[in-house]
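*Asks:* Chain order of the listed sequences is A, B and C. Positions 476 to 979 (our numbering) are the ones given, in order, by the first sequence. Positions 476 to 979 (our numbering) are the ones given, in order, by the second sequence. Positions 476 to 979 (our numbering) are the ones given, in order, by the third sequence. Glycine included, every Cβ here is placed at the ideal spot set by N, Cα and C. Questions regarding the structure given below will be posed in turn.
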Amino acid sequence: MPLKVVALAAILAFLPVLHCLAADAPISEATAQCLECHSVFHPGIVHDWKKSRHAAVTPKQASAAVGLARKISNPAIAEDLQNAVVGCAECHTMRPGAHADTFDHNGFEVHVVVSPDDCATCHLEERRQYGENIMALARKNLDENPVYQKLQEVILGTPRYKEGRLSFAPVDGLTRADACNYCHGTRLEVTGKVKRDTDAGEMEFPVIKGWPNQGSGRLNPDGSSGACTACHPRHGFSMEMARKPYTCMECHAGPDVPAYKVYSVSKHGNIFSSSQAGWNFSAVPWAVGRDFTAPTCAACHMSLLVNAEGEMINRRTHKISDRLGWRLFGLIYAHPQPKQPDTTVIRNRSGLSLPTDFDGTPAKSFLIDAATQAKHRETMAATCLACHDTSWVNGHFKRLDHVIATSNAAVGTTTAIMEAIWKQGLAQGLAQGANPFDESIERLWTDGWLFYANHIRYNAAMAGGGDLGVFENGRYQLTQNAADMIDWLTLRQAATASKQGKSK
Amino acid sequence: MPLKVVALAAILAFLPVLHCLAADAPISEATAQCLECHSVFHPGIVHDWKKSRHAAVTPKQASAAVGLARKISNPAIAEDLQNAVVGCAECHTMRPGAHADTFDHNGFEVHVVVSPDDCATCHLEERRQYGENIMALARKNLDENPVYQKLQEVILGTPRYKEGRLSFAPVDGLTRADACNYCHGTRLEVTGKVKRDTDAGEMEFPVIKGWPNQGSGRLNPDGSSGACTACHPRHGFSMEMARKPYTCMECHAGPDVPAYKVYSVSKHGNIFSSSQAGWNFSAVPWAVGRDFTAPTCAACHMSLLVNAEGEMINRRTHKISDRLGWRLFGLIYAHPQPKQPDTTVIRNRSGLSLPTDFDGTPAKSFLIDAATQAKHRETMAATCLACHDTSWVNGHFKRLDHVIATSNAAVGTTTAIMEAIWKQGLAQGLAQGANPFDESIERLWTDGWLFYANHIRYNAAMAGGGDLGVFENGRYQLTQNAADMIDWLTLRQAATASKQGKSK
Amino acid sequence: MPLKVVALAAILAFLPVLHCLAADAPISEATAQCLECHSVFHPGIVHDWKKSRHAAVTPKQASAAVGLARKISNPAIAEDLQNAVVGCAECHTMRPGAHADTFDHNGFEVHVVVSPDDCATCHLEERRQYGENIMALARKNLDENPVYQKLQEVILGTPRYKEGRLSFAPVDGLTRADACNYCHGTRLEVTGKVKRDTDAGEMEFPVIKGWPNQGSGRLNPDGSSGACTACHPRHGFSMEMARKPYTCMECHAGPDVPAYKVYSVSKHGNIFSSSQAGWNFSAVPWAVGRDFTAPTCAACHMSLLVNAEGEMINRRTHKISDRLGWRLFGLIYAHPQPKQPDTTVIRNRSGLSLPTDFDGTPAKSFLIDAATQAKHRETMAATCLACHDTSWVNGHFKRLDHVIATSNAAVGTTTAIMEAIWKQGLAQGLAQGANPFDESIERLWTDGWLFYANHIRYNAAMAGGGDLGVFENGRYQLTQNAADMIDWLTLRQAATASKQGKSK
């Protein structure tokens, strides 16, 4: 290989590094001390950080950016933090008194879990917005909702078979942490201390129940809720990564929330997959067309977008509902977005912690009204209109509204069948004082509203193409679901009638 | 960051742009006028176009390419189109009289929907070929086939539950457009005009029913069928994108047509995913080995391929059946490719619009004969042979033929069970004047031929590896399907016998 | 486009080529002769090779690398192989007497199937390790295990319906090769010779039954087991490719072994997908942090890893069990890794070729003991610790152990239900001399331990996030599975009771 080519190749290979590393980035004395050991012991995270923006720019430098190019939102960062890059010590020794997991580590008061309240030191506005984001309450909204807990009991509880009957072991913390709370967030609790022999001698560390976890609604040892690392993984804390759909996919992958699946087969997803290598994910603000030619999840839901003239198309938000009128996710029907992120306060007409009744009536007083829905949609549509004309965008949303109505109607049908089954005593639901999710037929009904109806709606919302709305857990399966429920009911009715006939 | 590196980084970041933009590309006066407003209002599509080949090269320049390197096939492009790049006005004011959606827009006669007949201005041969492609008739073949409509009625119709029985609301246009016709194409119909306040004042626009849509068999306001934008998305109209599998995935993603799923886990798919960053997707002709080392969907099915010496391996085609002997997609059995793209003319022995009978007999007179099948396979094999020797290729196709035979036999078995069920009155099918797809057991049967048998065949055709042919909707599920049907039948027979026994 | 930019673009476009090709790489006379024809006839594989390391470096040059940078492990490569790059002839004429598929080809004794014993010429240690890898025995372990064959019979055998009963045609070789043995490997057997007209005149070739195949446990015509090309595809034989997860995905894609699915939605998978374009997949040794910031499959399971100081974190292994304590894959329960790669020798307490009993008891004497398990885990954990601290890593593995226990318990429950069903004569299992996998209820049971329990465990092992452990073939489906089995049993019991009642 000729030398010149080698040289160019070498430059190319290291470009991502050079792009982020500034030779003269001042590192604090404390961080330098951390790096001494940890660059040997934990080379993975140290290098990840070294390639990051945090390692390249001081808060003072970052604060010099003006207007929409400004990335940090706290106008008054403490003087002593201004002139060193954001390294280990800056975050892990921040506000030591506030963190229950603070421990003495080589003379530093270090805490393990860096929380949104630490990040707020620079990213004040983002933290505030995220506090109003339903995702920040994901743990509480799950763990403190009695209806969801009923479902969880018979999913996470180990099934047991005794005397011909099925029961479920109580759900334990390790299972929760591995399952639902992986995304929803665990409750981190310092339960003690432990001494460990390390390569640097014996040391004492806090024992944290629920650790590790990066769930979006994690309850932290400092009392705050959330984990910025859910979307900006340690220790690059990359904006670029959060702008790519793979990040959202981590939690929005399953049949209950098939956002990534729909995106990946959509026109937008195709253009992303085919063209992203040539896009600029680092620009702030992010210019539609110049920087990218099809939206990612972030572009539609969160990012600060401008047009080619630098005029703002949409402001940055870390409150996901800002651009959403509907909550597509059926509980058990799609419904207007909740008014506030804490959904445990919601009660439907039957007094259940659900945003809709079993007949589809929304729990109106807890949900945004039509005017607010329209406003949120308008915000979202501003982004659509950067590539599509009004008739296109209106046509799209008209279909979405129709799909929400028809998918809700379909769930109304399967729910009516389920209620008939409960009424006829062929299964035991809430009215019979039983868990409404533990029997075969109840689970069949759940498949319908939790998986198929959601596929259909997510598909319509993201113009995902036909298959996710038809044959891939879509309308084919939802109508099949109804037919299967009828089939089940008819057979049991016949069996019961036959039995009654016999016993007469 | 040293200045030189910044400069190089900047060059690299903009390479895709520079690569396609020519500083001196002459833009027509009309297009320049469009750009004045639309680059502000629709920066996404304008930039997408600006980075495109259309924005960089005039028809005259493109026509200068000789031999296999030539990309546009009309030898006689009108003089007044020769010397400006292909911009907004060139396409959207083409043949104004032919388009029902033409409207007056700032003094121009603009139409919204650019059709294949517009694209034919330069891409004459491709348009002609596509006209013979079954994909161009995808809408008609679905919407005008009474059997498929029966299936659609009970998938897209909202299920209703009344007096213990399930029925389906009539299928509406919004649902069709969101579901099947998203890929198959909608019927675009101008239904009126609407005035809208825009940032540029009040304007009048046509109202187009069925819009937006980019389905491959769209019926356009100029009467033409098809949408080049299905695979060459607006407004880059990129060949490179159509050469990547993500484009095909948009419509070939679901369990009925699992082409992308199979490809992605195949050896070819692995090599693509692992190596594509170093491939050349822009070369015309496309040289096997030099430009890429494993085929994408386009390489096997459509692209003009050459070897390292520039000798042609396969000619470009936009008629997908040119290289296909079999139609793997079961209706309800795999069968030879139809003779013509309009499949609504097909009738099986029972008079149904299906290419095979319920016992598997193909509707021969509507399907290509064995000699034509062999010729198509030979065409396909020419591409295989660019990497594999004859024994490899023969071995592959021998397995495929065997899998077509055995998967058809398996569907024959499940269909025989279904017919027994209909005959015994345990379900109501066509012979009983009922919809053969609306009952639970009928849908179970449909799962087998529509999903599992297709997985098995697609997997064999693309050497996809074991899982897509075994445990991922494959043979495991198809044999389970047969066992489930027998289980259903046995239980109902017992129930019926018990009832009859009782009533005696 | 200005000339300079064209020039740079051209350099960039060909970088991957230049990067690997050495202008002065000496090609043997024999290989030069092969290339003369095959570069025309098979440009795909020839170019793939030309871009490869094999085409750029001679064994002598490669042997000059010292320490961990050394890629070839045979210290004593024959002199006559030292000074030419590894081309067609070097591999395909190696040890001609050992290969039953050797044939005379233009004066050379060529064999079609290059085997691990050929590769061992340079990669001696890797071949030795792979020989101890369970993957090398994948064919034998499947084809010679009577229990697995029972399952295979009713999956791969074409189902037949006669006189109201379901049966299965005997499994044939073509189907095996297309299905299970695609990954597990076929038995390659030379059955004769065939003459073919080729572009270079009439030639004679061996006929090889089972060809083509690249399964990891292929039985080769030279008697060796395995195919290096399963993970290092022809003819690039790329280490880079094997380091990417797409390669593993080829065989670990389905619901039985959902490794790639879990990885792709995990935090690690997200970081890989988002950041890999900037990683260095060519470095040997592979430095955590410097070269990559999140592990791929290879990084955790096989690769030689160092820290930034070049200190070894984990040695290279081609024996996958070196870093694994548990075999997550349930047969029918997760269990300690087998002691030796040939699992056909295993017998459980009931004398079946299974590593666990139906009640979950492991076949201890055939499986590694707890101390060895701990050692393997420690090896794996060394990699984890390059990015995570001890409390994180311990927390992770504690959850995994718990999930193995609870998922095994859940399978214990469904298996107890299945045994009750067999005992009550409602299905016919092994004790009744029947195939335990051919009835609807038996397949339902199989879904549980083969798909859902494996999803749950793979998800826990790879910290895959919630959905793969809950709603995507996870705990939701496993508990549903138990409920469905109870539902089936209850109905059949009722039907039987009713029948018996009647017959009294």
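Does the beta-carbon distance from residue 795 of chain A to residue 929 of chain A come in below 7 angstroms?
*Replies:* The residue given as residue 795 of chain A occupies position 320 in the first sequence. The residue given as residue 929 of chain A occupies position 454 in the first sequence. It is not a contact, given that the beta carbons lie outside the stated cut-off.
*Asks:* Just to confirm the assignment, what range does the beta strand (DSSP E) spanning residue 669 of chain A have?
*Replies:* Taking the first residue of the first sequence as 1, we reach residue 669 of chain A at position 194. Per DSSP, residue 669 of chain A belongs to the beta strand (DSSP E) from 664-673.
*Asks:* Closer than 7 angstroms by C-beta to residue 740 of chain B: which residues in its own chain qualify, once you throw out the five before and the five after it? Chain order, please.
*Replies:* Mapped onto the second sequence, residue 740 of chain B falls at position 265. So the list reads 939, 940, 942, 943, once near-sequence residues are dropped.
*Asks:* Apart from the five residues just before and just after residue 888 of chain B, which ones in its own chain have a Cβ nearer than 8 angstroms to its Cβ?
*Replies:* Translated into positions along the second sequence, residue 888 of chain B becomes position 413. For residue 888 of chain B, where only same-chain residues beyond five positions count, the Cβ hits under 8 angstroms are 957.
*Asks:* Check residue 789 of chain C in the structure and name its three-state DSSP category.
*Replies:* Taking the third sequence and counting its residues from 1, the one referred to as residue 789 of chain C is at position 314. Three-state result, residue 789 of chain C: strand.
*Asks:* Looking at C-beta atoms only, is the number of pairs between the region 643-656 of chain C and the region 868-880 of chain B that lie closer than 8 angstroms three or more?
*Replies:* Using a C-beta cut-off of 8 angstroms, the region 643-656 of chain C makes contact with the region 868-880 of chain B, since at least three inter-stretch Cβ pairs fall below that distance.
*Asks:* In three-state terms, what does DSSP make of residue 586 of chain A?
*Replies:* Mapped onto the first sequence, residue 586 of chain A falls at position 111. Looking at residue 586 of chain A - three-state DSSP - the assignment turns out to be strand.
*Asks:* For residue 641 of chain B, go through chain A and note every residue whose CB falls closer than 7 angstroms to its CB, in chain order.
*Replies:* The residue you call residue 641 of chain B lines up with position 166 of the second sequence. Here the neighbours are 957, 958, 961.
*Asks:* What residue range does the beta strand (DSSP E) around residue 643 of chain C cover?
*Replies:* Residue mapping note: residue 643 of chain C aligns to position 168 of the third sequence, counting from 1. Residue 643 of chain C -> beta strand (DSSP E) spans 640-643.
*Asks:* For residue 954 of chain A, tell me which candidate among A:683, A:927, A:699 has the shortest Cα-Cα distance.
*Replies:* Translated into positions along the first sequence, residue 954 of chain A becomes position 479. Selected option, being the one with the closest Cα: A:927.
*Asks:* With a cut-off of 8 angstroms, do at least 3 Cβ pairs link the region 856-864 of chain B to the region 506-522 of chain C?
*Replies:* In short, these stretches touch, since the Cβ pair count reaches three.
*Asks:* Kindly indicate which residue of B:560, B:582, B:504, B:502 has the alpha-carbon position closest to the one of residue 679 of chain B.
*Replies:* Taking the first residue of the second sequence as 1, we reach residue 679 of chain B at position 204. That would be B:582, whose Cα lies nearest to the Cα of residue 679 of chain B.
*Asks:* Can you pull the chain C residues whose beta carbon is under 8 angstroms from the beta carbon of residue 658 of chain A, in chain order?
*Replies:* By one-based count along the first sequence, residue 658 of chain A stands at place 183. Near residue 658 of chain A (Cβ distances below 8 angstroms), the residues of chain C are 940, 941, 942.
*Asks:* Evaluate residue 952 of chain C with the Cβ neighbour count: other Cβ atoms within 10 Å of its Cβ, from every protein chain shown; 16 or more gives buried, anything less gives exposed.
*Replies:* The residue given as residue 952 of chain C occupies position 477 in the third sequence. The residue is buried, with at least 16 neighbouring Cβ atoms inside 10 Å.
*Asks:* Starting from the beta carbon of residue 686 of chain C, find every residue of chain B whose beta carbon is closer than 9 angstroms, and list them in chain order.
*Replies:* The residue given as residue 686 of chain C occupies position 211 in the third sequence. The answer, in chain order, is 866, 867, 870.
*Asks:* May I have a chain-ordered list of the beta strand (DSSP E) segments no shorter than 3 residues that lie completely inside the region 534-610 of chain B?
*Replies:* With a minimum length of 3 residues, the unbroken runs of beta strand (DSSP E) contained wholly in the region 534-610 of chain B fall at 577-580, 583-586.
*Asks:* Compute the Euclidean distance between the alpha carbons of residue 743 of chain C and residue 769 of chain C, then round it to the nearest angstrom.
*Replies:* Position 268 of the third sequence holds residue 743 of chain C. Position 294 of the third sequence holds residue 769 of chain C. The alpha-carbon atoms of residue 743 of chain C and residue 769 of chain C are separated by roughly 5 angstroms.
*Asks:* Assign residue 680 of chain C to one of three DSSP states: helix, strand, or coil.
*Replies:* Locating residue 680 of chain C in the third sequence gives position 205, counting from the first residue. Strand at residue 680 of chain C.
*Asks:* I think residue 779 of chain A touches residue 543 of chain A, with their Cβ atoms under 8 angstroms apart; what is that distance to the nearest whole Å?
*Replies:* Mapped onto the first sequence, residue 779 of chain A falls at position 304. Mapped onto the first sequence, residue 543 of chain A falls at position 68. The Cβ separation is near 6 angstroms, so the contact holds.
*Asks:* Roughly how many angstroms lie between the CA atoms of residue 584 of chain C and residue 811 of chain B, to the nearest whole one?
*Replies:* Residue mapping note: residue 584 of chain C aligns to position 109 of the third sequence, counting from 1. Residue mapping note: residue 811 of chain B aligns to position 336 of the second sequence, counting from 1. Distance between the alpha carbons of residue 584 of chain C and residue 811 of chain B: 42 angstroms.
*Asks:* At a Cβ threshold of 7 angstroms, is residue 935 of chain C touching chain A?
*Replies:* The count along the third sequence starts at 1 and reaches residue 935 of chain C at position 460. For residue 935 of chain C, the answer is yes, since a Cβ of chain A falls inside 7 angstroms of its Cβ.
*Asks:* Provide the residue span of the alpha helix (DSSP H) that contains residue 927 of chain A, from first to last.
*Replies:* Numbered from its first residue, the first sequence carries residue 927 of chain A at position 452. Segment: none, residue 927 of chain A is in no alpha helix (DSSP H) and carries neither H nor E.
*Asks:* Would residue 558 of chain C count as contacting chain A if we go by Cβ distances under 7 angstroms?
*Replies:* For the purposes of this step, residue 558 of chain C is identified with residue 83 of the third sequence, where counting begins at 1. Any Cβ of chain A closer than 7 angstroms to the Cβ of residue 558 of chain C would place that residue at the interface, and such an atom is absent.
*Asks:* Residues of the region 722-754 of chain A with a CB closer than 8 angstroms to any CB of chain B: list them in chain order, please.
*Replies:* 739, 740, 741, 742, 744, 745, 746, 748, 749, 750, 752, 753
*Asks:* For chain B, is any of its Cβ atoms less than 7 angstroms away from the one on residue 496 of chain C?
*Replies:* Against the third sequence, residue 496 of chain C aligns to sequence position 21. Residue confidence for residue 496 of chain C is low, a pLDDT of 42 falling below 50, so the modelled location carries little weight and cannot support an answer.
*Asks:* Quick check on the DSSP output: the beta strand (DSSP E) that includes residue 623 of chain C runs from which residue to which?
*Replies:* Here the question's residue 623 of chain C lines up with position 148 in the third sequence. Note, residue 623 of chain C: premise wrong, no beta strand (DSSP E); alpha helix (DSSP H) at 621-631.
*Asks:* For residue 496 of chain A, I'd like the list of residues in its chain whose CB is within less than 8 angstroms of its CB, leaving aside the five on either flank, ordered along the chain.
*Replies:* Counted from its first residue, the first sequence places residue 496 of chain A at position 21. Residue confidence is low: residue 496 of chain A scores 41 on pLDDT, short of 50, so the model does not pin down where it sits. No coordinate-derived value is stated.
*Asks:* Tell me residue 693 of chain B's beta-bridge partners as DSSP assigns them.
*Replies:* Counted from its first residue, the second sequence places residue 693 of chain B at position 218. BP columns for residue 693 of chain B are empty, so no partner.
*Asks:* Can you list the residues of chain C that residue 719 of chain A reaches, using a CB-CB cut of under 7 angstroms?
*Replies:* For the purposes of this step, residue 719 of chain A is taken as residue 244 along the first sequence, with counting starting at 1. Correct list: 749.
*Asks:* Checking contacts by CB at 7 angstroms: is residue 636 of chain C closer than that to chain B?
*Replies:* In the third sequence, residue 636 of chain C corresponds to position 161, counting from 1. It does: the Cβ of residue 636 of chain C has a partner Cβ on chain B nearer than 7 angstroms.
*Asks:* Starting from residue 637 of chain B, trace the alpha helix (DSSP H) both ways and give me its first and last residue.
*Replies:* Stepping through the second sequence from its first residue, residue 637 of chain B is reached at position 162. Careful: residue 637 of chain B lies outside any alpha helix (DSSP H), inside the beta strand (DSSP E) at 634-637.
*Asks:* What did DSSP end up calling residue 901 of chain C once you bin it into helix, strand or coil?
*Replies:* Within the third sequence, residue 901 of chain C is the residue found at index 426, counting from 1. It is coil, neither helix nor strand.
*Asks:* Less than 7 angstroms between CB atoms is the rule here; does residue 519 of chain B satisfy it with respect to chain A?
*Replies:* Position 44 of the second sequence holds residue 519 of chain B. Closer than 7 angstroms to some Cβ of chain A, the Cβ of residue 519 of chain B qualifies, so yes.
*Asks:* Any idea what DSSP makes of residue 868 of chain B, helix, strand or coil?
*Replies:* Here residue 868 of chain B corresponds to residue number 393 of the second sequence, with the count starting at 1. The answer is helix: DSSP assigns residue 868 of chain B an H, G or I state.
*Asks:* Against chain A, does residue 970 of chain B count as a neighbour if the rule is that its beta carbon must be under 7 angstroms from one of theirs?
*Replies:* On the second sequence, position 495 is the one that residue 970 of chain B refers to. By this cut-off, residue 970 of chain B is an interface position.
*Asks:* Just how far apart, CA to CA, sit residue 576 of chain C and residue 645 of chain C?
*Replies:* By 1-based counting over the third sequence, the position of residue 576 of chain C is 101. By 1-based counting over the third sequence, the position of residue 645 of chain C is 170. Cα atoms of residue 576 of chain C and residue 645 of chain C: separation of roughly 29 angstroms, rounded to the nearest angstrom.
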